[in-house]
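Residue numbers (our numbering), protein chains in the order written: chain A, 74 to 276; chain B, 74 to 276.
Ideal Cβ positions, reconstructed from N, Cα and C, are used throughout, including at glycine.
Bear in mind that the values here come from a model prediction, so they are computed numbers and not experimental data.
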């Protein structure tokens with residue numbers, strides 16, 4: 074199915090988790106010409122991920138661009154960003170005017186603190202679950218989920234779960250063939266069942 | 074087991090594949106304090122990946138640093154880099170003085186052209202197999218493999234296979250507990266069998 078390409082606005086901040094970001098972006102990238110990827114951050118300086126490698130933004134928050142899809146990675150940097158009014162206000166505004174809002178791992182804590190997950194079901198990774206689930210007033214946090222879809226919100230559990238979540242979104246938008254092709258190009262064995270979570274019972 | 078941290082020198086070039094690079098790096102990053110990651114490229118300018126997002130190097134080839142582990146991603150940029158004497162000579166020199174040489178996807182074509190895989194078994198991704206396997210004089214290219222280990226050379230098949238290869242190397246160096254913990258933190262269901270290749274028979 075041919076349709077216009079969608080812009081993905083993928084947020085970075087100091088201490089973001091590499092695979093949270095680049096796993097989903099790889100799937101969008103491999104899904105034909107369906108998606109155009111833009112990295113967005115507060116400043117134009119290189120941004121250091123939680124394990125060191127640095128990324129550089131294409132757009133700044135202050136450019137005030139809208140995107141079709143938002144992608145919010147997690148990482149230890151979320152512990153600081155929950156206090157950063159600039160990213161929270163940008164997330165709130167951009168969540169409002171985009172078609173899909175996605176997060177991976179502790180990325181959902183930023184959406185929760187920004188107030189955009191109220192009244193929604195959502196998830197996060199297991200190892201930080203209790204911390205993340207302490208945010209929000211009326212968010213139905215799901216402990217057992219590979220990812221959670223609720224309306225336009227797609228939140229994934231830990232790190233690699235973002236790959237399955239992104240493929241689910243590719244499937245939702247472009248259909249199963251596009252998602253299967255992206256997985257095949259990545260030689261990735263996809264989990265197509267959002268409820269199948271092999272890590273739900275890890276202590 | 075406590076031991077000194079190992080440096081990973083991860084190469085980038087225009088048109089590198091994101092997940093080839095960041096999948097393995099995430100696993101090294103999540104394996105306790107065992108690994109210190111450095112991104113290396115020909116220039117200090119931002120380097121654009123095959124789907125757009127840009128990375129920036131910590132070290133230049135001309136810094137002439139050695140690393141314990143080399144990581145060479147693939148991506149469409151390999152089609153140009155096989156003609157780039159600078160990267161090929163650097164790969165040759167660094168492969169000589171490191172403890173482990175790793176590649177993902179078409180990253181192995183650069184090692185092949187640099188001459189460091191002669192007399193070795195190696196693999197690459199399925200969709201570019203015939204092209205990659207046309208390089209080298211005496212390389213035993215393996216069509217059916219999630220990854221191939223031959224001495225200090227660990228070559229992975231397509232994109233996501235790099236994650237399993239990196240975990241196998243973590244296992245080899247630090248032991249199975251470190252590899253299991255990294256996989257658990259990433260909520261990743263690891264393939265521990267190098268010969269189990271679900272994509273071997275894809276046309």
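Item, Value
"Would you mind telling me which residues of chain B sit closer than 7 angstroms to residue 82 of chain A, beta carbon to beta carbon, in chain order?", "Going along chain B, no residue has its Cβ under 7 angstroms from residue 82 of chain A, so there is no contact; the nearest lies around 12 angstroms."
"For residue 87 of chain B, return the contacting residues in chain A, with the cut-off set at a CB-CB distance below 9 angstroms.", "Result: empty, since nearest Cβ-Cβ is about 14 angstroms, beyond 9 angstroms."
"Tell me which residue opens and which closes the alpha helix (DSSP H) that residue 246 of chain A is part of.", "234-247"
"Using a Cβ-Cβ cutoff of less than 7 angstroms, which residues in the same chain neighbour residue 256 of chain B once the five nearest sequence positions on both sides are dropped?", "240 and 263"
"Which residues of chain B have a Cβ atom closer than 9 angstroms to the Cβ of residue 262 of chain A, listed in chain order?", "233, 262, 264, 271 and 272"
"My output table needs one value for residue 166 of chain B: the three-state DSSP class, helix, strand or coil.", "helix"
"Using DSSP with H/G/I as helix, E/B as strand and the rest coil, what is residue 112 of chain B?", "strand"
"Using a Cβ-Cβ distance under 8 angstroms, would residue 102 of chain B count as near chain A?", "yes"
"If we require 3 or more residues per run, which beta strand (DSSP E) segments fall completely within the region 158-223 of chain A?", "173-177 and 220-223"
"Applying the criterion that 16 or more other CB atoms from any shown protein chain within 10 Å of the CB defines a buried residue, is residue 210 of chain A buried or exposed?", "exposed"
"Which residues in chain B have a C-beta closer than 9 angstroms to the C-beta of residue 127 of chain A? List them in chain order.", "112, 128, 129, 130 and 131"
"Going by beta carbon distance, what residues of the same chain come within less than 8 angstroms of residue 272 of chain A, once the five residues before and after it are set aside?", "199, 230 and 231"
"Please report the distance separating the alpha-carbon of residue 205 of chain B from that of residue 260 of chain A.", "17 angstroms"
"Grab me the residues of residue 74 of chain B's own chain with a C-beta within less than 7 angstroms of its C-beta, minus the 5 sequence neighbours each way, in chain order.", "Confidence in residue 74 of chain B is poor, its pLDDT being 48 and thus under 50, which makes the residue's placement too unreliable to answer from."
"In the DSSP output, which residue or residues are listed as bridge partners for residue 82 of chain B?", "B/111 and B/143"
"Determine, using beta carbons only, whether residue 124 of chain B comes closer than 8 angstroms to chain A.", "yes"
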